[in-house]
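Have a look at the structure below, then the notes.
There are 2 protein chains.
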Amino acid sequence: MSNKLARILITSGPTRQYLDPVRYITNASSGRMGAALAAAVLKLGHEVVIVSGPVAVEYPGAATVIPVLTTDEMLLAATETFKTCDGAIGAAAPCDYMPREIQTQKISKTGKPLTIELVETADVVATLGQSKRDGQWVVGFALETEDRHFRAIVKLERKHCDLMVSNGPAAIDAETNEVELLDSNGIVIEAIHGTKEHVADRLLAQIDDRLIHQSSKPKT
Amino acid sequence: MSNKLARILITSGPTRQYLDPVRYITNASSGRMGAALAAAVLKLGHEVVIVSGPVAVEYPGAATVIPVLTTDEMLLAATETFKTCDGAIGAAAPCDYMPREIQTQKISKTGKPLTIELVETADVVATLGQSKRDGQWVVGFALETEDRHFRAIVKLERKHCDLMVSNGPAAIDAETNEVELLDSNGIVIEAIHGTKEHVADRLLAQIDDRLIHQSSKPKT
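Read top to bottom, the protein sequences are chains A and B. Going by the numbering used here, the first sequence wraps up at 220, each residue one higher than the last. Going by the numbering used here, the second sequence wraps up at 1220, each residue one higher than the last.
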């Protein structure tokens, strides 16, 4: 258990990128991993702020929740909140492509194919990673369908994360998860399998030990 | 009140069209209008089968619910179910565009724009409308952001509907709705505004009077 109390930002859930007033691109992220992480943070006595896309899940009552819709909104709320936090856990699945143009009226069917150009949205976790001050830490999630381990290491480095949680698409909208936790050198320090609550408890134990305690120690 | 009991199909909720194993196109349809319509159907003593996309809403316990994910799955379940029904109410918001190609692995970000070609999905209500046998009826919903009345009439005709409910984007994921009900000649027979439960009760009263009773009368 930590003696030092921390204020932790969790991003959670999906975001939406609208094509027109009705249709949007998203993913099935349920916010369950974020909710489980928030509960685990609170159990250790820390404070938690959740920046969440639209979800049906209920977050712990003791958590501060900032609702957002798009990736840009998540980025704005997360970077602003991070300034007052000791660390951040990026459990959200922000939509990482958005239409270059948003139609202001509902696109009518014409019988013909429709070509849309998508551009990348800003990377929320990478932006937090780049903006870290001394002692601040960032834990990322990498969801990949192939080359999971390799791609998690690439993301760890590119996003300046202190720990990276690698998981697969089976995690989405599921009750359970199966993850590998990588340290900042890309070494797997724990493999965790079970309910999202169990995974969250184990992740928080590692974060508490390696990041929250660590950042309060004098630099050597 | 009807003396003749009917078996009614309701399509409800959104559908999803996947770009890859994680990302998909959808809309914010909550299934609340479908749930309210099902409750109104049951109140009149009729039987109801709901073909529903992924929603968080709870349908009445007495309703048979067939869950689907994509528009093609909704089409298949609805056309099969419609064979044993007296009528259908198309309250779903099926995703009407799908990527021409679905990537089997998660698309990796490259920093470059991504062009995707979308093609139209099958039209569930139009397919039901075309397959009507003697005495069967179909009620459609038209959601438009502009030229609402005109476009509802076009859809009424093209989809071979007996009644058309015209509403706007404010209906999506809302507790209330504001609709116009058009008869098969495109005449507005009732404007309804209120909770989705109230709108559903009024729509069912009209359907009961104009379609369920009517279809049991000998043809003149």
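Just so it is clear, CB atoms sit at the ideal spot from N, CA and C, and this is done for glycine as well. Predicted model only: the values in this text are computed from it and were never measured.
Answer with buried or exposed for Pro-218 of chain A, where buried requires no fewer than 16 other C-beta atoms within 10 angstroms of its C-beta. Below a pLDDT of 50, predicted positions are generally treated as unreliable, and Pro-218 of chain A, at 49, falls in that range; the measurement from the model is reported next regardless. Burial call: exposed.
Counting only the same chain and skipping the five closest in sequence on each side, list residues whose C-beta sits under 7 Å from that of His-193 of chain A. Glu-178
Distance cutoff 9 Å, beta carbons only. Does Lys-219 of chain A sit that close to anything in chain B? Note that Lys-219 of chain A has pLDDT 45, beneath the 50 cutoff, so the model's placement of it is unreliable and no number is given.
In whole angstroms, give me the CA-to-CA distance for Asn-185 of chain A and Phe-1141 of chain B. 56 Å
Proximity winner among A:Ala-170, A:Gly-168, A:Tyr-97, A:Leu-182, relative to Glu-117 of chain A (alpha-carbon distances): A:Tyr-97
Quick check: the Cα distance between Lys-1132 of chain B and Leu-1163 of chain B, rounded to an integer number of angstroms? 14 Å
Suppose you measure from the CA of Gly-1111 of chain B to the CA of Ala-93 of chain A; what does that come to, to the nearest Å? 18 Å
So the beta strand (DSSP E) Arg-1007 of chain B belongs to, where does it begin and stop? 1007-1012
Residue burial classification, Ile-1010 of chain B (beta-carbon count within 10 angstroms, cutoff 16): buried
Using three-state DSSP, classify Thr-999 of chain B as helix, strand or coil. Residue 999 of chain B is absent from the model: chain B starts at 1001 and stops at 1220.
Option in B:Gly-1053, B:Ile-1107, B:Lys-1109, B:Ile-1089 with minimal Cα separation from Asp-1208 of chain B: B:Ile-1089
Quick one: grab the DSSP three-state call for Pro-1169 of chain B. helix
In chain order, what residues of the same chain lie with their CB nearer than 6 Å to the CB of Ala-225 of chain A, ignoring the 5 residues before and after it? Lying before the first or after the last residue shown, residue 225 of chain A is absent from chain A, which here runs from 1 to 220.
Identify the contact partners of Thr-1115 of chain B in chain A, using a Cβ-Cβ distance below 8 Å as the criterion. Thr-115, Ile-116, Glu-117, Leu-118
Determine the direct distance from the alpha carbon of Glu-101 of chain A to that of Pro-60 of chain A, and round the result to whole angstroms. 37 Å
Check whether Thr-1121 of chain B and Thr-26 of chain A have beta carbons under 9 Å apart: no
On the three-state DSSP scale, how would you describe Ile-189 of chain A? strand
Residues bridged to Gly-53 of chain A [DSSP beta-bridge criterion]: Answer is none; Gly-53 of chain A lacks a bridge partner.
Would you kindly work out how many angstroms separate the C-alpha atoms of Ser-108 of chain A and Val-1119 of chain B, rounded to a whole number? 12 Å
For Arg-1202 of chain B, which three-state DSSP category applies? helix
Same chain, Cβ closer than 8 Å to Thr-1081 of chain B, neighbours up to 5 away in sequence not counted: Leu-1009, Val-1049, Val-1051, Ile-1066
Euclidean distance between Cα positions of Pro-1014 of chain B and Val-1055 of chain B: 8 Å
Beta-carbon separation (whole angstroms), Ile-1212 of chain B vs Asp-1134 of chain B, contact threshold 8 Å: So it is not a contact: roughly 15 Å between Cβ atoms.
Quick one: what's got a C-beta closer than 6 Å to Met-1001 of chain B's C-beta in the same chain, skipping five residues either side? Low per-residue confidence applies at Met-1001 of chain B: pLDDT is 48, beneath 50, and the placement is therefore not dependable enough to give any value.
Using a C-beta to C-beta distance shorter than 7 Å, which residues of chain B count as neighbours of Thr-11 of chain A? By Cβ distance, chain B contributes nothing, its closest Cβ being about 17 Å from Thr-11 of chain A, past 7 Å.
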